[in-house]
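Using our numbering, you'd call the opening residue of the sequence shown number 1017 and step up by one each time. Don't be surprised by glycine CBs; every beta carbon is placed ideally from N, CA and C. Taking it in order: structure first as structure tokens, then the write-up.
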Amino acid sequence: MKRETSNRALLKTNLFVCAIIILGFLATSIVSYRSNLGVFEGDTEKVTALTSEGIYRQIESIFMKPMGVSLTMANDTLLQDLLTQESARRNDAEFIATLTAYLNSYREKYGYDSVFLVSTRTGRYYHFDGIDRILSPGNEEDAWYYDFLRAGEPCSLNVDNDQAAGDAITVFINCLITDSGGTPLGVVGVGFDISTLQSLLGEYEERFSLRACLVDRDGVIQVATDHTGYEHTDLFSVRPYSDLRESLLTDRENANAFWYDGEEGRLYVGSHYIPSLSWYLLVENDTSVQTRQLQGKMVEGALIALLVVAAVTLAITYIIHTYNRRIVELTRSTEQARRSIFQEATEQLFENIYELDITHNRAANLETRQYFESLGVPPGTPYNEALKIVAEKQIREDFRQGYIDTFAPEHVIDTYRRGEESLQYDFMISTDGSHYYWMRIVAQIVLWKEDQSIHMFTYRQNIDTMKRQEKQVLDQIQRDPMTGLLNKTATQAKIQHLLEGGGRQPRAFFIVDIDNFKQVNDRFGHAVGDRVILHFAQSLKGAFREGDVVGRIGGDEFAVFLALPDRAAAEQKAREILAILNQPLALDEGACPLSASIGIALAPADGRDFGSLYRHADTALYAVKQSSKGGFALYGDGEGPKR
């Protein structure tokens, strides 16, 4: 009878231990899964937004030059005169040769794949190698031309095959030519191979594991790595979010992004309207694979744990019935082996694991007490005081208070009472007082049933490599590709962050604009224009300190945000900037005169957010531009622009 009772008690004990192991493993796995999923989704949103901004800026840069060339030809009086002579000289070989040579000169000068001209009077399609064909309303290949004339717009884009260049799929920039009375004379434009844009999108897709495409306002894919506008493919017929057409293609003022749970998985989708192209940039980040991997790992671990526990339970039960005396030794051996395996696996992920008795404000075991004492904590010191000593000994100053507040006994107890069972804090730590690295502490809060006390297990994980890789990626996509300065999105975010955290500290917001930049491009060419932008950016960056915010927010427009005590200091800084920037740039083509105009707004007097400061500084800049350029003005200053 005693043996039966003993066996039953041992069996119940083993079953209870196994249940605790399973529940503890499941709780840790679920908490870890939720934490990792939240961090992953936050990183996905940031990377998607910054990637969209990077693609947007590069596409604007790609189209800026061909758009300018097409407009230049459309407003060329020589071309207008030739078109007015066409009816009389249509069969004149010299006339045709003149038009062909004109188009070919632009093709050779700028290296475009196609340069064309269509006459509204004759329907002739001229290109750089002669007359290609006569356009007619009944030909589907010519529908783009008649649609463009009916739209009445000065410029448009379309993707089509270029019959004059071996039917290559080409992006065309079309501009309307009119006479002095506004009557259409023809359509002129340039085209370049669509592979240029496809390669750009492909590079971003490969680097950041997402999909990107350009669609028109009707949702037709114009450029993607696997589609072109020539195929006339509706985006919403090939992507798994057919019900999002209105959400993605209505807002033309702001970038739009949101999570979407579709039948094929969880997606993060964003749209960004490009006014100069009348197209939308769509970026899609499919996280379903990563989410399923996280879930699979959790399920896999749970199944392994269940299998191990089931096997151990069956073995123990069998041994109890067969070898009653050996059951205790076997149980201890199995438990010790399990603990060793768990400890070895845990040490591969975490540097140290410590246990605290939060309710009684003390270390819960010998290992934790020895850790505190190794850092100079006197024996018997309460946990909340030991926490402060550890922070002083190891943690970098700017993270100390956050570390203390997160793991303070009162905060741990309050967290547990709110129904939360974990805490996490990332910070920088040093073991020698000079070299710091990133550390993450994940704390699991449990209720000790024996005395109803709250205990906390802390897991220390070295995340230095991960943090530095994240910083490198984020820094790269926050930079303007040409100048290396912050791009517009990053500039606005950093300034807004400083405004929100700086209270009433006086600061100055500068908008710096290159004067007559279009004339530089017209006189010296766009390659020199790019050199001017780079020279200007480097000179501007050199005029400020490391902690000042300097960014490029437009083609030839820059923003600076820094701490300055008053208006006099802002004026002095503006004069220093102008002294540096208002200097000619020596080029092989000749000296290029440069000057800048500056608009200034002061915070908090002129605004406490980025939008208000930008509007007011832009108002001051406009006053300088209207006056004489090459100077500066402060918003609300009745004295006008200064030098």
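Q: Rounded to whole angstroms, what's the CA-CA distance from Lys-1660 to Arg-1476? Just pull it up for me.
A: Nothing in the structure corresponds to residue 1660, since the chain is present only between 1017 and 1659.
Q | Boundaries of the alpha helix (DSSP H) in which Thr-1384 is found, first to last residue | A | Stepping through the sequence shown from its first residue, residue 1384 is reached at position 368. It spans 1382-1390 - the alpha helix (DSSP H) in which Thr-1384 sits, taken as one unbroken run.
Q) Which ranges would you report for the alpha helix (DSSP H) in the stretch 1532-1573 if only whole runs of at least 4 residues count? A) At a cut-off of 4 residues, the continuous stretches assigned as alpha helix (DSSP H) that sit fully inside the stretch 1532-1573 are 1533-1540 and 1542-1558.
Q: Please classify Tyr-1141: is it buried, with 16 or more other beta-carbons within 10 angstroms of its beta-carbon, or exposed?
A: The residue given as residue 1141 occupies position 125 in the sequence shown. The Cβ neighbour count for Tyr-1141, taken over all protein chains shown within 10 Å, is at least 16; the residue is labelled buried.
(Q) To the nearest angstrom, how far is the alpha carbon of Glu-1516 from that of Lys-1062? (A) In the sequence shown, the residue the question calls residue 1516 occupies position 500. In the sequence shown, the residue the question calls residue 1062 occupies position 46. Looking at the two C-alpha atoms, the distance is approximately 20 Å.
Q) Which runs of the alpha helix (DSSP H), 4 residues or longer, sit entirely within the stretch 1220-1303? A) Within the stretch 1220-1303, the complete alpha helix (DSSP H) segments at least 4 residues long are 1251-1254 and 1261-1264, listed from N- to C-terminus.
Q. With C-beta atoms as the reference, is Gly-1205 less than 7 Å away from Ser-1294?
A. Reading the sequence shown from its first residue, position 189 is the one you call residue 1205. Reading the sequence shown from its first residue, position 278 is the one you call residue 1294. The criterion of a C-beta distance shorter than 7 Å is not satisfied by Gly-1205 and Ser-1294.
Q: Tell me, please, whether the stretch 1155-1170 touches the stretch 1187-1202 by the rule of three or more beta-carbon pairs shorter than 8 Å.
A: Contact holds: three or more Cβ-Cβ distances are below 8 Å.
Q: Compute the Euclidean distance between the alpha carbons of Lys-1465 and Tyr-1334, then round it to the nearest angstrom.
A: In the sequence shown, counting from the first residue as 1, residue 1465 sits at position 449. In the sequence shown, counting from the first residue as 1, residue 1334 sits at position 318. Taking the straight line joining both Cα atoms gives about 30 Å.
Q.
I believe Val-1462 touches His-1471 by the beta-carbon criterion, under 8 Å. Please report the beta-carbon distance rounded to the nearest angstrom.
A. Here residue 1462 refers to the residue found at position 446 of the sequence shown. Here residue 1471 refers to the residue found at position 455 of the sequence shown. His-1471 and Val-1462 do touch by the CB rule: their CB atoms are close to 5 Å apart, below 8 Å.
Q) So, helix, strand or coil for Pro-1082, using DSSP? A) Your numbering for residue 1082 matches position 66 in the sequence shown. In the structure shown, Pro-1082 sits in a helix (DSSP, three-state: H, G or I).
Q: Go ahead and pull the three-state DSSP assignment for Gly-1058.
A: Indexing the sequence shown from 1 puts residue 1058 at position 42. In the structure shown, the three-state DSSP call for Gly-1058 is helix.
Q.
Given this structure, state the Cα-to-Cα distance separating Tyr-1289 from Asn-1270, to the nearest angstrom.
A. As a working note, residue 1289 is residue 273 in the sequence shown. As a working note, residue 1270 is residue 254 in the sequence shown. Tyr-1289 and Asn-1270: Cα-Cα distance of roughly 8 Å.
**Q.** Range covered by the alpha helix (DSSP H) that runs through His-1632
**A.** Along the sequence shown, read from residue 1 onward, the residue named residue 1632 stands at position 616. Where His-1632 is concerned, the enclosing alpha helix (DSSP H) stretches over 1626-1643.
Q: Compare the C-alpha of Thr-1114 against each of Gly-1146, Tyr-1452 and Leu-1629 and name the closest.
A: By one-based count along the sequence shown, residue 1114 stands at place 98. It is Gly-1146.
Q: For Val-1548, count neighbouring C-beta atoms within 10 Å of its own C-beta (all shown protein chains included) and say buried if the count is 16 or more, exposed if not.
A: For the purposes of this step, residue 1548 is identified with residue 532 of the sequence shown, where counting begins at 1. So Val-1548 ends up on the buried side.
Q: Could you check the C-alpha separation between Phe-1285 and Leu-1265 for me, to the nearest Å?
A: Position 269 of the sequence shown holds residue 1285. Position 249 of the sequence shown holds residue 1265. Rather than Phe, the amino acid found at residue 1285 in this sequence is Val. Using only the alpha carbons, I get a separation of about 12 Å.
Q: Using a threshold of 7 Å, state whether the C-beta atoms of Phe-1648 and Ala-1590 are closer than that.
A: Mapped onto the sequence shown, residue 1648 falls at position 632. Mapped onto the sequence shown, residue 1590 falls at position 574. Going by C-beta atoms, Phe-1648 is nearer than 7 Å to Ala-1590.
Q: Can you check the stretch 1446-1511 for any alpha helix (DSSP H) of at least 4 residues that lies completely inside it and give the ranges in chain order?
A: Taking only runs of at least 4 residues, the alpha helix (DSSP H) segments lying wholly in the stretch 1446-1511 are 1480-1493.
Q | C-alpha gap between Ala-1326 and Val-1236, whole angstroms | A | Locating residue 1326 in the sequence shown gives position 310, where the first residue counts as 1. Locating residue 1236 in the sequence shown gives position 220, where the first residue counts as 1. Rounded to the nearest angstrom, the two C-alpha atoms are 57 Å apart.
Q: Could you work out which residue in Phe-1208, Asp-1209 and Cys-1229 is closest to Gly-1218 when comparing CA atoms only?
A: The residue given as residue 1218 occupies position 202 in the sequence shown. Looking only at Phe-1208, Asp-1209 and Cys-1229, the smallest Cα-Cα distance to Gly-1218 is reached by Cys-1229.
Q. Hey, is Ala-1649 close to the ligand FMN, as in C-beta under 6 Å from one of its heavy atoms?
A. This structure lacks the ligand FMN; in fact it carries no ligand of any kind.
Q) Is the stretch 1056-1071 touching the stretch 1497-1515, taking contact as three or more C-beta pairs under 8 Å? A) These segments touch.
**Q.** alpha helix (DSSP H) segment containing Gly-1418, residue limits
**A.** Within the sequence shown, numbered from 1, the residue matching residue 1418 stands at position 402. 1413-1423 is the extent of the alpha helix (DSSP H) around Gly-1418.
Q: Report the three-state DSSP secondary structure of Ile-1038 (helix, strand or coil).
A: Here residue 1038 corresponds to residue number 22 of the sequence shown, with the count starting at 1. Residue state, collapsed to three classes: helix.
Q.
With a threshold of 8 Å, are at least 3 pairs of Cβ atoms found where one atom belongs to the stretch 1312-1324 and the other to the stretch 1035-1050?
A. These segments touch.
Q: Can you give me the start and stop residues for the alpha helix (DSSP H) that Asn-1120 sits inside?
A: As a first step, residue 1120 is located in the sequence shown; it is residue number 104 there, counting from the start. Asn-1120 -> alpha helix (DSSP H) spans 1109-1126.
Q) Starting from Ile-1210 and walking both ways along the beta strand (DSSP E), at which residues does that stretch end? A) Residue mapping note: residue 1210 aligns to position 194 of the sequence shown, counting from 1. No beta strand (DSSP E) holds Ile-1210; DSSP gives it neither H nor E.
Q: Report, in whole angstroms, the separation of the C-beta atoms of Ile-1493 and Leu-1066, which I expect to be a contact under 8 Å.
A: Numbered from its first residue, the sequence shown carries residue 1493 at position 477. Numbered from its first residue, the sequence shown carries residue 1066 at position 50. The Cβ separation is near 4 Å, so the contact holds.
Q.
According to DSSP, Gly-1606 sits in a beta bridge with which residue or residues?
A. By one-based count along the sequence shown, residue 1606 stands at place 590. According to DSSP, Gly-1606 bridges with Leu-1603.
Q. Can you give the beta carbon distance from Ser-1438 to Gln-1417, rounded, assuming they're within the 8 Å contact cut?
A. On the sequence shown, residue 1438 is found 422 positions in, with the first residue counted as 1. On the sequence shown, residue 1417 is found 401 positions in, with the first residue counted as 1. Ser-1438 to Gln-1417, Cβ: 21 Å. No contact.
Q | Three-state class that DSSP yields for Phe-1526 in the structure shown | A | Translated into the one-based positions of the sequence shown, residue 1526 becomes position 510. Three-state result, Phe-1526: strand.
Q. Quick one: what does DSSP say Val-1315 is sitting in, helix, strand or coil?
A. Here residue 1315 is taken as the residue at index 299 of the sequence shown, counted from 1. DSSP places Val-1315 in helix when its eight states are reduced to three.
Q | Beta-carbon spacing of Gly-1615, Ile-1527 below 7 Å | A | The residue given as residue 1615 occupies position 599 in the sequence shown. The residue given as residue 1527 occupies position 511 in the sequence shown. Cβ distance < 7 Å, so Gly-1615 and Ile-1527 count as in contact.
(Q) Going by DSSP, what residue range makes up the alpha helix (DSSP H) through Asn-1190? (A) Taking the first residue of the sequence shown as 1, we reach residue 1190 at position 174. Here Asn-1190 belongs to no alpha helix (DSSP H); instead the beta strand (DSSP E) covers 1184-1194.
Q: Go to Tyr-1162, then tell me how far its alpha helix (DSSP H) extends in each direction, as first and last residue.
A: Stepping through the sequence shown from its first residue, residue 1162 is reached at position 146. Where Tyr-1162 is concerned, the enclosing alpha helix (DSSP H) stretches over 1159-1167.
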